[in-house]
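A.B. asks: What follows is a structure written as structure tokens; I'll ask about it next.
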Amino acid sequence: MNASLAGMFALGTGFLLVLFLCALAVERGAIGTRITRHPLIYTLALGVYGSLELAAPSGYGYLAYYLGVAGAFLLAPVLLVPIQRMTRTYQLASLSDLFAFRFRSRWVGTLITLISLLAVLPLLALQVQTMGDAIFLMTGAASPSLLALAFCAMIALFAMLFGARQGRVDGHHDSLLAVLALSSLVKLVAMLGLGAFALFVVFEGPADLQAWLDGPGQAFQAGVVQPDPAHWRTLLLLFFAAALLMPHIFHIIFTEIHSRHALLQASWALPLFLLLMALPVPLILWAGQQLGAGDLLPSAYLAFGLSESLWIQSLAFIAGLAATSATMVLIALALAGMILNHVLLVAHPPEAQPDLYRWLLWLRRSLIGAVVLGGWLFYRTVGVHHDLTTLALAAFVGMAQCLPGLLALLYWPGANRKGMVAGLVAGLLVWLLGLWGPLLTGLPPLVLIPPGLEALAGEPEWYAITLVSLAGNALVLILVSLATPTSEGERAAAEACSVDAVIRPKRLPLDAANGEEFKACLARALGDEVARREVDRALDDLGLSPLDGRPYALRRLRDRLQANLSGLMGPSVAQDIVDRYLPYRQDAPRATGDIHYVESRLEAYRSRLTGLARELDGLRRYHRRTLTRLPVGLCAFGEDGELLMWNDALAALSSIEGDSVIGARRDSLPAPWGELLGRILAAPHRQLYKQPVTLEGGVRYLSLHKAELESEDSEPGGMVILVEDHSEMKWLEDELVHAARLASIGQLAAGVAHEIGNPITGISSLAQNLRYDTEDPEILETAEQIQQLTDRVSRIVSSLVGFAHGGRHLGGQTFTPVSLAEVTDEAIHLIHLARSGDDVVFENRCPDTPRVPGDAQRLLQVMVNLLGNARDASDPGDRVVIEATPEAAGLRLTVTDEGHGIDERVRDHLFEPFITTKPPGEGTGLGLPLVYSIVAEHHGQIEIESPPPGRERGTRISLWLPLNPQEGETPR
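For the sequence shown, this note's numbering assigns the number 252 to the initial residue and increments by one for each residue that follows.
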């Protein structure tokens, strides 16, 4: 008793100030997230454990506390991780949230909240009592409760400031985790320091300790009663359950720690931490007994008897304050959230609060203060009359009543609300009468022992009450659940909560059409600002647009909103708001399973599948991949017309990604797909062949085939549609038809040429005879002109015959050197004879040399056709430029005009017969095909550029003629 009340206040305030500064540093960013979110911080934050109370009477039985908690974390992959998955997915922040979500009842959440409050009040009073007793031991003050109240007020203030913040009413708090980790580290260092002091100062080393244990210590060891194995196992069960069910432990594991990796690391790191915490306990106990402090102090406070030194006692006080402050902060935060969500908001739903976030924040802060004050009052009125072990057992046995319900929640989908509530009430009555009631009244425990369990009559009250309450709880839960029906909502929630199940939601349409309408609907319950923020947050989480009207996207948005609101105000209130203001349509057809959602959940869950489930999932993924990568377009519709599949080939053909349309209605698909797919769905036949469809790349010809999926044994039905691109086939068919037409034209041309050839031969013979029958110069000139023209007609007929023979040009001709300049001049002269040349200017820039081997008359025909076309395409005053330049082993001749150019749709078909750009009646479409045939006969090539490079209009036709042609050479 070396310290004063002022000194103790300064010491405790200083420690709490250090915690405050640590939290502030995290909030201000002075300590980065790389540190605050390290798995070691998470592990230390979980270390809100420690006890000396059981070591003195039970010896090594005190290890049951540490081993029970360690066992729960060692089973994290099969026990804690599934719960964490549910709490993260559905934003469940407390045990009440979890039970209310699974059993689909707001009153279940309220019942769990009340049980938690009743069970945790003794534990909270225990923390305050530990502070009060420590203050009394160090100061000797007659009434340390006021100083304990001051510390409680500071702890409550800290919880309000850093556990409930604006904008993070119920979420992850890095500052809180950092403070909890610091408290655990301080507690661990203090305990190890006290253990080292006991070993090396009180006993002067391990040898001295062993000598004392073999000598005087034997008397103390004789007084230790090792727990019965059955009692040991029951303690293990209680502490195991505490690690799952205590509100503050649930809060730190599943609300503050969001990382699955961190939880798995804690599954082995926390047991190591608990081992280090347990090591100093026997050393402190034996040192206290050696010094005789065991006769003066309760076993929980033996550390204060190790020395009269203020430093050692201050170290023990700081260790205790670190443990109690962390526990009280977590209890206050957890209980405040549970009471708010499952008592206050259930009784008074937040209907269009002007500032909902601020209203919830101050309600939570008020409840934090009320919980801490309630713990202090329970300590003053009840706790002071009981030891720490009695208070702790009452708390642990009370919370253990939720264990059967939690196990059923995870592993038995057949459990229902009636069974869970009935079992919980049965176990709760046994606990209230046996342990909690006597705390208040001071009366002896009332132990209800059913027939057949008379052997429990001589056992400790806590042991008998624990077994009877848990056995009755579990038995009633099973019997009532088997005897009563389970609602549809409970079955759906059971699938969501079951460890091995994947939830299968229904495909139902909503009244709201998009995210903007969601905001308007929720504004009636939450207010405009809160509705906007919550909907925008959900849209960001899902990566959706506010205008996305796909039914699938709207269902996911609704689910995400319900999950987010659940984290804000509990699942019961959130479900009521969503069901009321975002209802499903009542006139919807029969609901079917949401296959696409199930697929996405299986993809996320497949890494945890084992055995046959893994094999089946591999088969599913193989079939899915086969359909997705099928080289033919494939889409599938449900019975309600919702698009369920859009494979890669169809995405490539349509330029529409599957993720952007899956879940949409057929009539909302981008054009032309909504109309096209609707056409095949409405068609009486199963096929539609070569439908012309305008896509980004032009007109495509698509064939569609449909197959109906009949609904059998509750399996989803619908329609599958295959989309094949037959454009290439259609174009080939068109080319074949065109080739047949050209063949017919060729045959016609050959016949016409034959019929024309005979009269032309007769005319030529008469013209030749006429030259011998007269000496009249005019008649002779006329006969010569007739002879020249008949020769020209004969050559044209020969060209038609050559064209009709499929490009087999006439051979045996003798080519002579031809000057392209002279041929061009003659062609210009002929053009001027046929039509006045004043309107278009022809510029012949061809040099006299080099000359090309060829038929001058046929090349003249080429130039007349090309210059005539250039003249017809030009406006008055335009120029037509003819140039010739050597190129490679030939001569390049170009005819360039300044006309309106050639439509690109017909440019590639100009050398086909009867293709013309002139108005009807002004062009036959035979000129350029004959030009092409003549150029090919000269082993040359012809190209068209419209417009020429560097110009906005006009046309350039380029001829290349070889200087040394080889017979049979393929034109380039």
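Glycine residues also receive a C-beta, built at the ideal position from the N, C-alpha and C atoms.
Which one of L553, Q516, A520 and S518 has the shortest CA to CA distance from L534?
C.D. replies: Answer by Cα proximity: L553.
A.B. asks: Going by other Cβ atoms of all chains shown within 10 Å of its Cβ, with 16 needed for buried, is V329 buried or exposed?
C.D. replies: The residue in question, V329, is exposed, as its Cβ has fewer than 16 Cβ neighbours within 10 Å.
A.B. asks: Going by beta-carbon coordinates alone, are L612 and L595 separated by less than 9 Å?
C.D. replies: Not closer than 9 Å, so no.
A.B. asks: Short of 6 Å in beta carbon distance, which residues of its chain neighbour G298, apart from the five on each side in sequence? Order them along the chain.
C.D. replies: Within the same chain, G298 has close Cβ partners S435 and F524.
A.B. asks: Only counting the same chain, and skipping five residues up and downstream in sequence, which positions put a Cβ closer than 6 Å to that of H977?
C.D. replies: For H977, where only same-chain residues beyond five positions count, the Cβ hits under 6 Å are K941, Y952 and S954.
A.B. asks: Distance check for I1007 and N1020, CA to CA, integer angstroms please.
C.D. replies: About 20 Å.
A.B. asks: Using 9 Å as the threshold, is the C-beta distance between W682 and S720 below it?
C.D. replies: Yes, they are a contact pair.
A.B. asks: Measuring alpha carbon to alpha carbon, tell me which residue in P655, A666, R484 and R357 is nearest A598.
C.D. replies: Comparing Cα-Cα distances from A598 to each of P655, A666, R484 and R357, the minimum goes to R357.
A.B. asks: Is the beta carbon of Y293 sitting closer than 9 Å to the one on Q477?
C.D. replies: No, Cβ-Cβ distance for Y293 and Q477 is not below 9 Å.
A.B. asks: Got a sec? Which residues, its chain only, sit under 8 Å from G740 by beta carbon, not counting five neighbours each side?
C.D. replies: Excluding residues within five positions, the ones whose Cβ falls inside 8 Å are R355.
A.B. asks: With 16 other CB atoms within 10 Å as the buried threshold, where does P714 fall?
C.D. replies: The identity of residue 714 in the sequence shown is Tyr, whereas the question assumes Pro. By the 10 Å Cβ count, Y714 comes out buried.
A.B. asks: Residue range of the beta strand (DSSP E) that T1025 falls in?
C.D. replies: Note, T1025: premise wrong, no beta strand (DSSP E); not H, not E.
A.B. asks: Note the first and the last residue of the continuous beta strand (DSSP E) segment covering T1067.
C.D. replies: Element bounds for T1067: T1067 to V1069.
A.B. asks: Identify the continuous beta strand (DSSP E) that holds H956 and give its terminal residues.
C.D. replies: Where H956 is concerned, the enclosing beta strand (DSSP E) stretches over G949 to L960.
A.B. asks: Residues bridged to L1144 by DSSP?
C.D. replies: BP columns for L1144 point to A1135 and L1210.
A.B. asks: Is H1005 close to the ligand GDP? I mean its beta-carbon at under 8 Å from any heavy atom of the ligand.
C.D. replies: Because no ligand of any kind appears in the structure shown, any question about the ligand GDP cannot be addressed here.
A.B. asks: Whose CA, out of L759, K669, T717 and L388, lies closest to the CA of A734?
C.D. replies: A734 has its Cα closest to that of K669, out of L759, K669, T717 and L388.
A.B. asks: What ranges does the beta strand (DSSP E) occupy inside the stretch 664-742, keeping only unbroken runs of at least 3 residues that lie completely in it?
C.D. replies: Counting whole runs of 3 or more residues, the stretch 664-742 contains no beta strand (DSSP E) stretch at all.
A.B. asks: Just list the beta strand (DSSP E) runs in the stretch 865-937, keeping only unbroken ones of 3 residues or longer that don't cross its boundaries, in chain order.
C.D. replies: Qualifying beta strand (DSSP E) stretches, in chain order: 884-888 and 894-897.
A.B. asks: How many angstroms separate the CA atom of K757 from the CA atom of R836?
C.D. replies: Taking the straight line from one Cα to the other gives about 13 Å.
A.B. asks: Buried or exposed: which applies to L346, given that a residue is buried once 16 or more other Cβ atoms fall within 10 Å of its Cβ?
C.D. replies: It counts as buried.
A.B. asks: From which residue to which residue does the beta strand (DSSP E) around L973 run?
C.D. replies: Note, L973: beta strand (DSSP E), G969 to D976.
A.B. asks: Can you look up G263 in the DSSP assignment and give me helix, strand or coil?
C.D. replies: Three-state DSSP puts G263 in a helix.
A.B. asks: Check whether the Cβ atoms of T1067 and P1104 sit closer than 9 Å, and answer yes or no.
C.D. replies: The answer is yes: Cβ separation under 9 Å.
A.B. asks: For G1105, which residues does DSSP report across the bridge?
C.D. replies: Per DSSP, T1067.
A.B. asks: Counting pairs of beta carbons, one from the stretch 381-393 and one from the stretch 566-574, are three or more of them closer than 8 Å?
C.D. replies: Contact between the stretch 381-393 and the stretch 566-574 is present, because at least three Cβ pairs lie under 8 Å.
A.B. asks: On the DSSP letters alone, give me the boundaries of the beta strand (DSSP E) that E1196 sits inside.
C.D. replies: First-last of the beta strand (DSSP E) with E1196: Q1192 to E1196.
A.B. asks: In whole angstroms, give me the CA-to-CA distance for H499 and T578.
C.D. replies: Looking at the two C-alpha atoms, the distance is approximately 7 Å.
A.B. asks: Helix, strand or coil: how does DSSP classify N1095 here?
C.D. replies: Strand.
A.B. asks: Using beta-carbon positions only, say whether L372 and G693 come within less than 9 Å of one another.
C.D. replies: It is not a contact, given that the beta carbons lie outside the stated cut-off.
A.B. asks: So, is A776 buried or exposed, given that buried needs 16 or more other C-beta atoms within 10 angstroms?
C.D. replies: Burial call: buried.
A.B. asks: Taking Q564 as part of the alpha helix (DSSP H), name the residues at either end of that continuous run.
C.D. replies: First-last of the alpha helix (DSSP H) with Q564: L561 to I590.
A.B. asks: Just the C-alpha distance for V1186 and V1074, rounded to the nearest angstrom, thanks.
C.D. replies: Roughly 14 Å separates the two Cα atoms.
A.B. asks: Where does Q942 fall in DSSP's three states?
C.D. replies: Strand, per DSSP.
A.B. asks: Any idea what DSSP makes of R1130, helix, strand or coil?
C.D. replies: Reduced to three states, the DSSP call for R1130 is strand.
A.B. asks: Can you check DSSP and say which residues form a bridge with Y835?
C.D. replies: In the DSSP output, where bridge partners are listed per residue, Y835 has L761.
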